[in-house]
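Asks: Residue numbers (numbering that gives the first Met the number 0), protein chains in the order written: chain P, 0 to 143; chain Y, 0 to 143.
Number of protein chains: 2
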Amino acid sequence: MKALKYSRQRESIKNNLMHRTDHPTADALYLSIRTEFPNISLGTVYRNLNLLAELGEISRFSCGDGSVHFDYVTKPHYHFVCKSCGAVLDLPFGMVKKTSDLVDGGEAVPGRVDSHTVFFYGECADCMRKKSLEESPEIADPEK
Amino acid sequence: MKALKYSRQRESIKNNLMHRTDHPTADALYLSIRTEFPNISLGTVYRNLNLLAELGEISRFSCGDGSVHFDYVTKPHYHFVCKSCGAVLDLPFGMVKKTSDLVDGGEAVPGRVDSHTVFFYGECADCMRKKSLEESPEIADPEK
DNA sequence: ATTATATCAGTAATAATTACTATTATTGTT
DNA sequence: AACAATAATAGTAATTATTACTGATATAAT
Numbered sequence: 000m001k002a003l004k005y006s007r008q009r010e011s012i013k014n015n016l017m018h019r020t021d022h023p024t025a026d027a028l029y030l031s032i033r034t035e036f037p038n039i040s041l042g043t044v045y046r047n048l049n050l051l052a053e054l055g056e057i058s059r060f061s062c063g064d065g066s067v068h069f070d071y072v073t074k075p076h077y078h079f080v081c082k083s084c085g086a087v088l089d090l091p092f093g094m095v096k097k098t099s100d101l102v103d104g105g106e107a108v109p110g111r112v113d114s115h116t117v118f119f120y121g122e123c124a125d126c127m128r129k130k131s132l133e134e135s136p137e138i139a140d141p142e143k
Numbered sequence: 000m001k002a003l004k005y006s007r008q009r010e011s012i013k014n015n016l017m018h019r020t021d022h023p024t025a026d027a028l029y030l031s032i033r034t035e036f037p038n039i040s041l042g043t044v045y046r047n048l049n050l051l052a053e054l055g056e057i058s059r060f061s062c063g064d065g066s067v068h069f070d071y072v073t074k075p076h077y078h079f080v081c082k083s084c085g086a087v088l089d090l091p092f093g094m095v096k097k098t099s100d101l102v103d104g105g106e107a108v109p110g111r112v113d114s115h116t117v118f119f120y121g122e123c124a125d126c127m128r129k130k131s132l133e134e135s136p137e138i139a140d141p142e143k
């Protein structure tokens, strides 16, 4: 693994993302940072955003339309997306207490909720089985 | 508004999506349909998928990686995404009973859940205010 | 200072999606 | 069944988002 080196550009990207709450796309962030670094490259923005996401310093998500957004807040929380203006707002993690909170949005949501989606991420039963098979075949197939 | 006309291609796209459970992307669907319609156009697939989604006959979603998937099931349900093989599985709507089901995935999930996200879609307070202002300004600003 | 290498700017390449256009298919009407 | 109106298509070009590449520059350790 190669050691990380400081760079003013990466620092600026982190700083910029830290001081805004609008969950910008890579391009929106690029346009903003250009006021400070007039000739920063869009590729540099992408590379650092993905690097920071891998390091867990920021999070990246897509809110359904295919575009990817970035967020400095990494602790678990939910998002509210306005279908009218496209704004993405943070919602406190604890707002969902029961299923009915999901269905009607509960009272903590700053607007009208029409629908919601939930995605679970992990490893499916098939992949778990395959992996344990690779690690210790004798358990899965004692004849061997 | 222009009237909808039948087309064998659109029928085939619906049919194909109806008989599979793997939430394909537009391109995956295109490759599959080409066995029946060897010279169907990728643009035709995109156009019809988006049309059907607007009509509410199918649903479209992105599971975080940026790619857009399509689903013939339009009634509310959740998704489980395997980070290992990329499979997208349907989860029954009623599986989430309380917050702890969200956090640890509960027992209804066919695999190991590491994380989850929730997106609420609707209209934010700002847009709601603006809209009501446009419709009846005298209420918002009686002096006028 | 010297050296090694991570990072950069700029550009080219790739992938996903949409737009355009001349042609074909569908539907309602004679 | 032929006709006219137009929705839909195939094929291609254009657009957008993102990644890959390359020679130059910045950073960190010796």
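Ideal placement from N, C-alpha and C gives every residue a C-beta, glycine not left out.
Here the structure is a predicted model, which means the values were calculated and not measured.
Enumerate in chain order the residues of its own chain whose CB-to-CB distance from residue 67 (chain P) is below 8 Å, with the five nearest sequence positions on each side excluded.
Replies: If we look at residue 67 (chain P) and ignore the five residues flanking it on each side, its Cβ neighbours are 24, 25, 59, 60, 61.
Asks: For residue 115 (chain P), go through chain Y and note every residue whose CB falls closer than 7 Å to its CB, in chain order.
Replies: Here the neighbours are 117, 118, 119, 120.
Asks: For residue 10 (chain P), does the three-state DSSP call read helix, strand or coil?
Replies: The answer is helix: DSSP assigns residue 10 (chain P) an H, G or I state.
Asks: Can you tell me whether residue 116 (chain P) is buried or exposed, with buried defined as 16 or more other CB within 10 angstroms of its CB?
Replies: Buried: at least 16 other Cβ atoms inside 10 Å.
Asks: Is it right to say residue 11 (chain Y) is buried, meaning 16 or more other beta carbons lie within 10 angstroms of its own, or is it exposed?
Replies: Under this definition residue 11 (chain Y) is a buried residue.
Asks: What would DSSP say about residue 44 (chain P), mapped onto helix, strand or coil?
Replies: Residue state, collapsed to three classes: helix.
Asks: Starting from the Cα of residue 113 (chain P), find the closest Cα among Y:111, Y:85, Y:120 and give me that residue.
Replies: That would be Y:120, whose Cα lies nearest to the Cα of residue 113 (chain P).
Asks: Going along chain P in order, which residues have a C-beta closer than 8 Å to the C-beta of residue 78 (chain Y)?
Replies: The contacting residues are 116, 117, 118, 119.
Asks: Between residue 64 (chain Y) and residue 76 (chain Y), is the Cβ-Cβ spacing less than 8 Å?
Replies: Taking 8 Å as the Cβ cut-off, residue 64 (chain Y) and residue 76 (chain Y) do not qualify as a contacting pair.
Asks: For the beta strand (DSSP E) containing residue 111 (chain P), name the first residue and the last one.
Replies: Here the beta strand (DSSP E) through residue 111 (chain P) covers 110-123.
Asks: In terms of residue numbering, what span does the alpha helix (DSSP H) encompassing residue 61 (chain P) cover?
Replies: Not the alpha helix (DSSP H): residue 61 (chain P) falls in the beta strand (DSSP E), residues 58-61.
Asks: Starting from residue 3 (chain P), follow the beta strand (DSSP E) in both directions and report where the run begins and ends.
Replies: Where residue 3 (chain P) is concerned, there is no enclosing beta strand (DSSP E), given that its DSSP letter is neither H nor E.
Asks: Does residue 84 (chain Y) come out as helix, strand or coil in the three-state DSSP assignment?
Replies: Looking at residue 84 (chain Y) - three-state DSSP - the assignment turns out to be coil, as it is neither helix nor strand.
Asks: Along the chain, where does the beta strand (DSSP E) containing residue 26 (chain P) start, and where does it finish?
Replies: Premise fails: residue 26 (chain P) lies in the alpha helix (DSSP H), 25-32, not in any beta strand (DSSP E).
Asks: Please list the residues of the stretch 123-135 of chain P that have a C-beta atom closer than 9 Å to any C-beta atom in chain Y, keeping them in chain order.
Replies: Those residues of the stretch 123-135 of chain P that come within reach of chain Y (Cβ to Cβ, closer than 9 Å) are 123, 124, 125, 126, 127, 129, 130.
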